């Protein structure tokens, strides 16, 4: 029977859909506000007619407002792909980089030819020599020492598919696993040995009574198969539909996509937990597996032992499994005696093994050809939400404004009245047409693309003779030719409606509101950052920058959220420096949250200053200074004279730095002898302080501009993240220093490696000189750092940072095997520098209570103690 469509007589719950209620409220409004001049509220009154038509139009607008969001997102001519790209799909937004051991197991089971995998924590055991206050490979004789376990290292055990027969195939698979693990390594974790899991073979010895009609070979193959699945349950892949249809677990979408996204299908967490390597086997479980076979009647006697075991166990019901080994039942070494009606039946072990292998192969085949699917969502149906039909069409013929128009004999006065009414009604038309244009632009409002407007309009021109109301066109000039351009888009009204909202304060305010809404859906916010940014750096805090920051963060949100604990890949020698492709997920996320423009790992120091010491023939020392462009490795400025005291050279260096940024103090002068040009820096007394390198006038001008630039921005914004675990010397030769107190065990820190990171920040980057902003950076970093990691943040001077950069960059190359370090000097240099790093804070002095001048606060961790000048 065909569906019957009817109009409901039930009163709408929403007033906006209730024509009768809207009309009633409209008349009440007229009575309240125009009672003195409008007393006829009957249906023949033109005002009431207009009210009724407007009420009907409002119900139409309200009805369209209730379209499903997918329908509103769909525009005319859109294909489903254009809708989907506006959203993050389930497989984009729900999965995360591998975090737990089970996550890594899922990731590796997805590798071809890997049947199962286990990760085993393998801490490196060394000793802390408390007497000599240092780490040593083993406790020394005659000293007090404690054992130290460096945590974060894992060994990986692989079970290969049954079709992996050769060592070459195993090695190739192990190499694939190594690459995948490095691509998914977490901060402060690393992987050691990756090898095939060692198997521990067991034999089953038992007497079994079977039914007379049982196929003994098939039954025994099935028993061995189920015993092996009990010893090491196989991890199965499931389709998306199978996971959704699991009524026992009732998986939600986020649970299905939890963990790393793998291509072969979805894995159930409980099956993964059940497949861990056993440490003991209960004989009663094996007997139950056998009795579950309908063909088995009794099992009079049973043993299950290691094939190498010659002495019976004290308790045969609990069989131990060697730690880190996979228990496997050996069919050919088992001894089974089958009875039927009390008589023994001779069985061929090889036939049982063949049948067992087929059962296992058929079971494994269930994982073949399985694929992970993405969750599909409704992409909507185009319903023409923006299409507007003028209310003028609904007026009775006598009004002369609908499609009938006026009769030919209508007087001029009557024609003018009709046009006046049309012009009056056009106001209502335009408001409602704009409402629908805005409604149909939901896709644009909530897009992370470069939208240039948040208000949307459309011109109403489908009523009778619209040209009488839109009779002014713009002139389109093509060279000297003036084209009237008489099309609707060129009318003054249309151009005014579509006036560019771009770059206006209103646009930025509204666009930010929409982006904030999208951010809040992910529990993200830039509120505190923007408040600090605007209040502390108003000259830099443009609306456009803030908007671009939010758009960039949202556009890359799946990466910034799912990979926040991901470490960099130290096995890629060609992607170590001057790249943002191989940095940790934490660095990417933090730098975006803090508004850093350049995410690349690179040199941050723009300029360094050096005090030059020269030993004279009489062993006296003279001191001078240089200002160097670090990235270009070029001396831009040198002291004009040499000083007997180092302190004097340091003071002159400060003067030179200040003068370089003082108008008129730095000039370009020609040497009349060789006709070359150089920079000269002079103080107010016209005393020459420093000079530049000689060259052409253009070169001198270039150096002058560079000096101003690098002294204004002495360092770039960015930071270095150093994982202490990667600094552990596996050769057990060089260690980080430790802090121990022989009188206070709780005060001692004997493990400088496990789950520790150092974050190195440039103290002299422009925004980092603001202590409130520094505090916000430190707070954000500690909040975003994985909770189990201890972070140390250092703010370094240019000189400290330059030294660290050079050592860090060299060590990076050594770690990636792009550079040799046979004697360990590069590694030792970095380890020597790290403990000596000292944060730079603004200087202030302690003051006495008797001082009359305004007191300056000395705040711990925000100031350093300066020198009081007499």
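Numbering (this note's numbering), first residue to last: 23 to 892. Ideal Cβ placement from N, Cα and C applies to all residues, glycine included. These numbers were taken from a predicted model, which means no experiment stands behind them.
Taking every protein chain shown into account, the CB of residue 761 has fewer than 16 other CB atoms within 10 angstroms, so this residue is exposed. Taking a C-beta distance under 8 Å as the contact criterion, residue 540 and residue 468 qualify as a contact pair. Taking C-beta atoms as the reference points, residue 612 and residue 590 fail to come closer than 8 Å. Its chain contains 404, 406 as the residues whose beta carbon lies nearer than 8 Å to that of residue 98, once the 5 sequence neighbours on both sides are disregarded; these appear in chain order.
Relative to residue 357, the option among 730, 367, 108, 348 whose CA is nearest is 367. The residue among 709, 402, 723 with its C-alpha nearest the C-alpha of residue 700 is 723. Contact annotation: residue 846 and residue 755 have beta-carbon atoms nearer than 8 Å. Judged by DSSP in its simplified three-state form, residue 227 adopts strand. Within the DSSP secondary-structure output, residue 700 pairs in a beta bridge with 691. Annotated as proximal: residue 307 and residue 252, with beta-carbon spacing under 8 Å. For residue 661, the uninterrupted beta strand (DSSP E) run begins and ends at 656 to 661, by DSSP. At a Cβ-Cβ threshold of 8 Å, residue 41 and residue 89 do not count as neighbours. DSSP places residue 215 in no alpha helix (DSSP H) but in the uninterrupted beta strand (DSSP E) bounded by 212 to 218. At a Cβ-Cβ threshold of 8 Å, residue 362 and residue 232 count as neighbours. Pairing residue 758 with residue 194, the inter-Cα distance amounts to about 36 Å.
For residue 437, no beta strand (DSSP E) run applies; the uninterrupted alpha helix (DSSP H) run containing it begins and ends at 434 to 461, by DSSP. For the set 682, 753, 449, the Cα lying nearest the Cα of residue 725 is the one of 682.
DSSP places residue 348 inside the beta strand (DSSP E), whose first and last residues are 348 to 351. Beta-bridge annotation (DSSP): residue 156 is paired with 151.
DSSP places residue 304 in the strand class (E or B) of the three-state scheme. DSSP places residue 644 inside the beta strand (DSSP E), whose first and last residues are 643 to 651. With contact defined as three or more Cβ pairs closer than 8 Å, the region 97 to 114 and the region 176 to 185 are not in contact. 8 Å or more divides the Cβ of residue 351 from the Cβ of residue 230. For residue 291, the CB contacts under 7 Å within the same chain, skipping 5 residues up- and downstream, are 124 in chain order. Note on geometry: alpha-carbon atoms of residue 423 and residue 442 lie some 10 Å from one another. DSSP places residue 817 within a strand segment (E or B) once states are collapsed to three.
When DSSP assignments are scanned along the region 91 to 157, the uninterrupted stretches of alpha helix (DSSP H) that are 4 or more residues long and fall wholly within it turn out to be 91 to 95, 102 to 106, 112 to 115, 123 to 131. Within the same chain, Cβ atoms closer than 6 Å to the Cβ of residue 617 are found at 571, the five residues on either side in sequence being excluded.
Boundaries of the alpha helix (DSSP H) around residue 804: 793 to 806. When the five nearest sequence neighbours on each side are left out, no beta carbon in the same chain lies closer than 6 Å to the beta carbon of residue 551. Around residue 200, the same chain offers 216 as residues with beta carbons nearer than 7 Å, after the five sequence neighbours per side are excluded. The beta carbon of residue 396 sits closer than 7 Å to those of 111, 112, 113, all from its chain and outside the five residues before and after it, given in chain order. For the set 582, 474, 619, the Cα lying nearest the Cα of residue 536 is the one of 474. Straight-line measurement puts the Cα of residue 115 at about 52 Å from the Cα of residue 721.
Closest in C-alpha terms to residue 410, from the list 452, 324, 433, comes 452. By the CB criterion at 8 Å, residue 529 and residue 146 fall outside the cutoff.
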